[in-house]
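Beneath this line is the structure, given in structure tokens, with notes to follow.
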Amino acid sequence: ETGVTQTPRHLVMGMTNKKSLKCEQHLGHNAMYWYKQSAKKPLELMFVYNFKEQTENNSVPSRFSPECPNSSHLFLHLHTLQPEDSALYLCASSQDTRSSHEQYFGPGTRLTVT
Amino acid sequence: AQKVTQAQTEISVVEKEDVTLDCVYETRDTTYYLFWYKQPPSGELVFLIRRNSFDEQNEISGRYSWNFQKSTSSFNFTITASQVVDSAVYFCALKFGAGNNRKLIWGLGTSLAVNP
Numbered sequence: 001e002t003g004v005t006q007t008p009r010h011l012v013m014g015m016t017n018k019k020s021l022k023c024e025q026h027l028g029h030n031a032m033y034w035y036k037q038s039a040k041k042p043l044e045l046m047f048v049y050n051f052k053e054q055t056e057n058n059s060v061p062s063r064f065s066p067e068c069p070n071s072s073h074l075f076l077h078l079h080t081l082q083p084e085d086s087a088l089y090l091c092a093s094s095q096d097t098r099s100s101h102e103q104y105f106g107p108g109t110r111l112t113v114t
Numbered sequence: 001a002q003k004v005t006q007a008q009t010e011i012s013v014v015e016k017e018d019v020t021l022d023c024v025y026e027t028r029d030t031t032y033y034l035f036w037y038k039q040p041p042s043g044e045l046v047f048l049i050r051r052n053s054f055d056e057q058n059e060i061s062g063r064y065s066w067n068f069q070k071s072t073s074s075f076n077f078t079i080t081a082s083q084v085v086d087s088a089v090y091f092c093a094l095k096f097g098a099g100n101n102r103k104l105i106w107g108l109g110t111s112l113a114v115n116p
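Those sequence lines, one after another, are chains Y and Z.
The numbering used here numbers the first residue of the first sequence as 1 and each following residue consecutively.
The numbering used here numbers the first residue of the second sequence as 1 and each following residue consecutively.
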């Protein structure tokens with residue numbers, strides 16, 4: 001059983017394309033997260049949702065637009081991206097943002113912007 | 001300042017060797033939580049352990065063991081009799097703060113290569 005799933009696993013898009021990343025968690029959690037992982041850089045927290053409400057946006061450019069329709073699903077809508085946006089995008093979930101509990105991660109989407 | 005330092009960028013060992021991954025943290029908080037995650041080449045970060053600041057008892061899980069020492073602000077991870085499947089990037093993380101101000105910060109990771 002996979003607790004957190006992400007689709008697609010790989011995505012190549014041009015700078016003028018619009019695409020969406022999808023994340024789904026089957027753990028009954030109430031918090032969901034988007035992270036960006038680039039080579040040689042720390043894991044970057046992008047957005048946080050707690051009980052469907054966005055609680056954090058860490059100065060992410062507006063070309064990234066998150067959506068959380070319910071506690072189990074999280075989307076990241078992408079448009080007019082730049083080559084430097086190429087990275088591994090990881091989704092995670094946890095019990096909620098206030099707890100001390102760990103986050104559980106999906107397998108990530110490897111994004112390449114051409 | 002809150003900080004997590006994993007000074008070892010890359011480690012290479014031969015199978016069956018023991019290897020220790022270092023994690024040093026900084027925090028002003030008295031209540032905090034430490035984590036280790038494993039990221040194999042497939043990309044998914046796999047949760048390994050959580051330790052709270054009031055529990056300094058070392059933990060062993062199979063070939064994995066963790067040594068938490070508040071006196072040196074360290075939470076080191078040892079793999080005994082390493083195997084090729086242990087090859088991955090390992091991340092240490094620190095959760096601090098409380099309530100709506102709870103934050104999680106990550107080290108840069110240590111890339112472990114276990115060679116046959």
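Every residue gets a Cβ at the ideal spot worked out from N, C-alpha and C, and that includes glycine.
The model shown is predicted, which means the values in this text are computed figures rather than measured ones.
| Query | Result |
| --- | --- |
| Closer than 7 angstroms by C-beta to Met15/Y: which residues in its own chain qualify, once you throw out the five before and the five after it? Chain order, please. | Thr80, Leu81, Gln82, Val113 |
| So is Ser93/Y buried or exposed if we call it buried at 16+ other beta carbons inside 10 Å? | buried |
| Out of curiosity, what's the CA-to-CA distance linking Pro116/Z and Ser62/Y? | 47 angstroms |
| How would you list, in chain order, the residues of chain Z whose beta-carbon sits under 7 angstroms from the beta-carbon of Arg98/Y? | Gly99, Asn100, Arg102 |
| What are the uninterrupted segments assigned as alpha helix (DSSP H) that are 4 or more residues long and contained completely in the stretch 12 to 45 of chain Y, given in chain order? | none |
| Answer yes or no: does any C-beta atom of chain Y fall closer than 9 angstroms to that of Arg50/Z? | yes |
| Would you identify the three-state DSSP class for Ser65/Y, choosing helix, strand or coil? | strand |
| Mind pulling the chain Y residues with CB within less than 7 angstroms of Glu44/Z? | Phe105, Gly106, Pro107, Gly108 |
| Would you grab the beta carbon distance between Met135/Y and Asn58/Y for me? Rounded to a whole angstrom, and I think it's under 8 angstroms. | With chain Y covering 1 to 114 only, the question about residue 135/Y has no answer from this structure. |
| Buried or exposed, going by whether 16 or more other CB atoms sit within 10 Å of the CB of Ala88/Z? | buried |
| Helix, strand or coil for Ser71/Z? Go by DSSP, reduced to three states. | helix |
| Please report whether the beta-carbon of Lys117/Y lies at a distance below 9 angstroms from any beta-carbon of chain Z. | Residue 117/Y lies beyond the stretch modelled for chain Y, which goes from 1 to 114, so this question has no answer here. |
| Any idea what DSSP makes of Asn101/Z, helix, strand or coil? | helix |
| What residues of chain Z sit near Glu102/Y, judged by a beta carbon separation below 8 angstroms? | Phe35, Phe47, Arg50 |
| If we ignore side chains and look at the alpha-carbon of each, how far apart do Trp106/Z and Gln103/Y end up? | 12 angstroms |
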